[in-house]
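Undergrad: Sharing a structure, written as structure tokens. Questions coming.
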Amino acid sequence: METHFSSSQKMPAPYTIGVAGHVDHGKTTLVRTLTGVDTDRRPEEKLRGMSIDAGVAPLLLPSGKNVAIVDVPGHIDFLKNTIRGLNSVDMGILVVAADDGVMPQTREHLEILKFFRVASGFVVLSKTDLVDEETLEMAELEIKELVQGTFLEQHPILTFTAKIPTSVSQITKSIDEILLQLSSKKTDSPFRLWIDQIKSFPGHGTVVSGTVASGIVRQDDALEILPSGIQSRARSLESHASPVPQAVAGQRVGINLHRVSLESVRRGMSLTTPETLSPHSILNAEIQIVSDARTKIQNRQKVKLYLGTSITSAMVVPMEKDRLDPGEAGLVQLQLAKPIAALPQDVFVISPLNSNRVIAGGRVLEASKEKYRAAKSRTLLPALDALRKNDLIAYIQHLSERHPGDLVTAKGLALKTGLPRDAFEKQINANVRQGEWIYFKGHGAIEKAHWSALKREFKSAVEAAFKEDPLKKNVSMKEVAKTIPFCVENPLLKILADSLCKEGDLESLEGGFCLPASRIRFDSHRESLISLLLEFAQSSGTTPFSADTFWKHYQKRFDKEDISRLLNHLFARKKLVRLNDDRFLSLKAMDQIKKAVRQTIAQRGFVTVHDCKELFGYGRWGGTHVLDYLNQTGFTLRRQDKHYLVTEP
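Start counting the sequence shown at 326; every next residue gets the next number (our numbering).
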């Protein structure tokens with residue numbers, strides 16, 4: 326019977342359990358005994374008697390919970406498949422054969438589980454029927470020494486032998502007990518899945534499988550494949566061979582993709598909600614070198630990076646020192662050979678380029694657009710160190726210093742760091758309450774000191790532009806952004822401009838900004854010329870004049886271009902009226918014209934261009950432009966050849 330969950334029902338949390346250990350230690354036998362499923366399905370696996378790829382089997386526990394069991398290869402040659410299988414497990418079972426004891430891949434698989442931050446699990450000592458009591462005790466002592474200080478230390482070592490199938494009862498009981506202590510994965514985040522299997526079925530098309538890393542996917546949901554950017558949708562969903570209406574974080578699922586060819590999808594790609602994730606080629610991270618690694622990581626060393634189910638080569642750039650020795654931890658930048666859809670808090674494993682050995686692992690702290698430069702370490706390293714320690718207070722402060730022109734939001738910080746949004750919300754609110762930060766509704770918060778400094782810079786940029794050219798019409802937002810420098814789309818630019826205009830330091834003018842008229846200073850020559858222009862405008866009465874008219878009137882004593890620019894400056898400062906033909910009138914003259922037009926319309930109901938001679942003292946040549954101005958400014962309204970007075974509110 327198919328089970329459906331409404332949004333108001335609490336869904337049982339799905340979990341995935343990884344079964345790890347050295348080759349031929351009985352992992353597949355344990356999984357087959359637990360689930361009744363043989364995870365070695367490929368003919369080559371049957372022929373060689375070992376797992377080559379990770380196999381998945383469902384397990385119904387005594388409690389009624391359904392979990393997925395992932396059986397990973399134990400041979401060193403198939404390390405990449407082991408890592409892919411363990412990348413998203415919630416719990417680990419480390420299998421050690423009593424007749425063999427702890428072996429190289431036992432240690433390596435435990436390291437992988439630790440790097441993937443698996444926090445719960447236990448050890449199964451297999452093949453106990455093949456050894457005597459003394460050998461069994463020695464194996465247990467060896468295991469206890471291995472797991473000391475790890476997540477396995479506090480859990481008892483369970484025994485298993487295939488000859489006694491009932492020996493799995495304690496194992497299933499222990500799984501149930503541990504699952505009660507695990508917290509569910511996030512279902513309120515955008516959907517995300519690392520693809521680890523791809524198949525094609527006649528009549529259905531391409532089906533990709535993996536464990537849901539976050540969020541929920543439902544039938545017919547829109548999906549995006551990254552890093553390719555291919556758009557698709559979920560035609561149908563299946564979990565452990567059964568159709569399901571949806572799949573949630575932690576659940577194994579197969580998704581039939583709509584109109585996606587088998588050739589366009591590969592293991593290591595990720596499936597996401599569209600436009601929620603971007604591929605990155607540069608990651609800032611923390612790493613830990615395996616203590617018994619036989620190599621150190623040098624500056625700019627090339628390695629193989631395993632993140633999610635993706636595998637790519639990467640260059641490691643240590644940020645705190647020139648190299649990292651075995652057992653050491655440090656901050657590094659990973660410069661990838663190909664982009665990966667990684668997120669902060671994603672965990673990864675590193676091996677040498679030419680060897681199947683895990684030498685390091687770590688956690689992504691943030692994606693970066695810039696390659697690391699030592700010159701930027703003063704601001705970058707403290708912020709990364711704060712992230713490494715999950716110190717939200719310090720991180721917000723250092724981020725503000727790195728990007729003083731960015732408005733900070735809890736949502737943005739959560740996306741940037743992968744840390745809880747509510748924790749950032751709480752800290753930002755505290756900073757605002759204490760008066761250290763300023764909050765702009767709908768935009769975000771900024772440190773008060775940075776706000777004041779940016780206002781000074783914005784104002785100075787406008788002042789500098791007008792100092793260089795006092796006749797400049799205005800300073801555009803783009804010009805200011807280059808000076809500060811800012812991205813012109815940054816919402817803080819408009820907030821700064823609005824604040825400066827409100828306080829009277831600037832004025833908004835035709836899509837840009839200018840200084841108040843009282844603060845613009847001209848040399849004595851231009852000051853005199855401005856006085857002459859205003860006097861000439863007054864003496865011209867209602868007759869429009871041009872720069873050329875003025876120039877000729879004063880017998881070409883002044884620079885004609887300078888006259889034109891000053892006239893436009895006076896218009897911009899609302900000292901003159903400019904008509905469509907670049908002729909000008911004084912404000913007083915325009916008032917007289919409006920008065921005359923208003924009186925005529927009051928008597929007759931309208932005016933036409935034929936009335937200009939009587940109204941203004943000149944005919945069509947100048948009257949047309951005056952009437953156009955009155956229409957454009959909303960004083961009158963033209964219908965065919967008649968102009969009517971607009972009723973004033």
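Beta carbons: idealized from backbone N, C-alpha and C, even for Gly.
Helix, strand or coil: which one does DSSP assign to Gly346?
TA: DSSP places Gly346 in strand when its eight states are reduced to three.
Undergrad: So which of Val392, Leu705, Ala685 and Gly351 has the shortest CA-CA distance to Lys694?
TA: Taking only the C-alpha atoms, the option nearest Lys694 is Leu705.
Undergrad: Give me whichever residues DSSP pairs with Ile580 in a beta bridge.
TA: Bridge partners of Ile580: Val533 and Leu562.
Undergrad: Alpha carbon to alpha carbon, how far is Ser572 from Phe673?
TA: The displayed chain sequence assigns Ala, not Ser, to residue 572. If I take the Cα positions, the gap works out to 24 Å.
Undergrad: Do you know whose CA, among Leu548, Asp521 and Gln544, lies nearest Gly535's CA?
TA: Checked all of Leu548, Asp521 and Gln544; the closest Cα to Gly535 is Asp521.
Undergrad: Taking the alpha-carbon positions, what's the Asp647 to Glu750 distance?
TA: If you take the alpha carbons of Asp647 and Glu750, they lie about 37 Å apart.
Undergrad: When the Cα of Arg560 is compared with those of Gly579, Ala921 and Leu940, which residue comes out closest?
TA: Closest option to Arg560, Cα to Cα, is Gly579.
Undergrad: Looking at Leu962 and Val951, is the spacing between their C-beta atoms short of 8 Å?
TA: No, these two residues do not count as a Cβ contact at 8 Å.
Undergrad: Let me know the secondary structure DSSP gives Pro1009 once reduced to three states.
TA: There is no way to answer for residue 1009, as the model of the chain reaches only from 326 to 974.
Undergrad: Using the C-alpha atoms, what's the distance from Leu548 back to Val585?
TA: Distance between the alpha carbons of Val585 and Leu548: 11 Å.
Undergrad: So, under 8 Å CB-CB, Leu834 and Ala789 are touching, yes? Tell me the CB distance rounded to an integer number of Å.
TA: Contact flag wrong, Cβ pair sits at about 17 Å.
Undergrad: CA-CA distance, Leu817 and Glu726?
TA: The alpha-carbon atoms of Leu817 and Glu726 are separated by roughly 16 Å.
Undergrad: What is the DSSP secondary structure of Gly769, reduced to helix, strand or coil?
TA: Residue state, collapsed to three classes: strand.
Undergrad: Any chance you could list the beta strand (DSSP E) runs of at least 3 consecutive residues sitting entirely within the stretch 708 to 790, in chain order?
TA: The stretch 708 to 790 contains these whole beta strand (DSSP E) runs: 762 to 765 and 769 to 772.
Undergrad: With DSSP as the reference, label Pro339 as helix, strand or coil.
TA: In the structure shown, Pro339 sits in coil (DSSP, three-state: anything other than H, G, I, E or B).
Undergrad: Going by DSSP, what residues sit across from Ser676 in a beta bridge?
TA: Answer is Lys629.
Undergrad: Would you mind stating whether Phe485 and Leu355 have Cβ atoms separated by less than 8 Å?
TA: Yes; because the gap between Cβ atoms is below 8 Å, this pair is in contact.
Undergrad: Give me the residue from His347, Glu563 and Ile926 with the minimum Cα distance to Val427.
TA: Residue His347 is the option with its Cα nearest to Val427.
Undergrad: Helix, strand or coil: how does DSSP classify Glu327 here?
TA: With a pLDDT of 29 at Glu327, under the threshold of 50, the modelled position of that residue is not reliable, and the figure given next carries that caveat. DSSP places Glu327 in coil when its eight states are reduced to three.
Undergrad: Please report the Cβ distance between Ala382 and Val362, rounded to the nearest whole angstrom; I am assuming they are in contact, meaning their Cβ atoms lie under 8 Å.
TA: Contact flag correct, Cβ pair sits at about 4 Å.
Undergrad: For chain B, is any of its Cβ atoms less than 8 Å away from the one on Leu818?
TA: Included in the structure is just one protein chain, with no chain B present.
Undergrad: Could you name the residues of the same chain whose beta carbon sits closer than 7 Å to that of Gly652, not counting the 5 residues immediately before and after it, in chain order?
TA: Cβ within range, chain order: Ile614 and Ser616.
Undergrad: Measuring CB to CB, does Ile809 end up less than 8 Å from Phe783?
TA: Yes, the Cβ-Cβ distance between Ile809 and Phe783 is below 8 Å.
Undergrad: Using C-beta distances below 6 Å, list every residue in its chain close to Ala719, excluding the 5 sequence neighbours before and after it, in chain order.
TA: Closer than 6 Å at the Cβ level, and outside the excluded window around Ala719, lie Ala711.
Undergrad: Can you give me the Cβ contacts of Asp424 inside the same chain, cut-off strictly under 6 Å, excluding the 5 residues immediately before and after it?
TA: Once the five neighbours on either side are set aside, the close Cβ partners of Asp424 are Lys452, Leu455 and Val456.
Undergrad: Could you check how far apart the C-beta atoms of Asp501 and Pro599 are, in whole angstroms? I think they sit under 8 Å.
TA: Between Pro599 and Asp501 the Cβ distance is about 38 Å, and since that is not below 8 Å, they are no contact.
Undergrad: In three-state terms, what does DSSP make of Thr634?
TA: Looking at Thr634 - three-state DSSP - the assignment turns out to be coil, as it is neither helix nor strand.
Undergrad: If I follow the unbroken beta strand (DSSP E) through Pro429, where does it start and stop?
TA: Here Pro429 belongs to no beta strand (DSSP E); instead the alpha helix (DSSP H) covers Pro429 to Phe440.
Undergrad: With burial defined as no fewer than 16 other Cβ atoms inside 10 Å of the residue's Cβ, what is the status of Arg577: buried or exposed?
TA: Under this definition Arg577 is a buried residue.
Undergrad: Could you give the DSSP three-state label for Asp396: helix, strand or coil?
TA: It is a strand residue.
Undergrad: Have a look at the DSSP bridge pairing and note the partners of Asn609.
TA: Per DSSP, Gln658 and Glu691.
Undergrad: When we look at the beta-carbon of Ser494 and count the other beta-carbons within 10 Å, is it buried (16 or more) or exposed?
TA: That one is exposed.
Undergrad: Which whole-angstrom value describes the C-beta separation of Gly743 and Pro664, a residue pair presumed to lie in contact below a C-beta threshold of 8 Å?
TA: Not really, about 18 Å apart at Cβ, beyond 8 Å.
Undergrad: Would you please state the rounded distance, in angstroms, between the beta carbons of Asp349 and Gly575? I believe it to be under 8 Å.
TA: Their Cβ separation, rounded to whole angstroms, is 30 Å, which puts Asp349 and Gly575 out of contact at 8 Å.
Undergrad: Helix, strand or coil: which one does DSSP assign to His935?
TA: If DSSP states are grouped into helix, strand and coil, His935 belongs with the helices.
Undergrad: What number of angstroms, rounded off, separates the C-alpha of Pro856 from the C-alpha of Lys900?
TA: Residue identity check: residue 856 is Ser in the sequence provided, not Pro. Between Ser856 and Lys900, the C-alpha separation is close to 11 Å.
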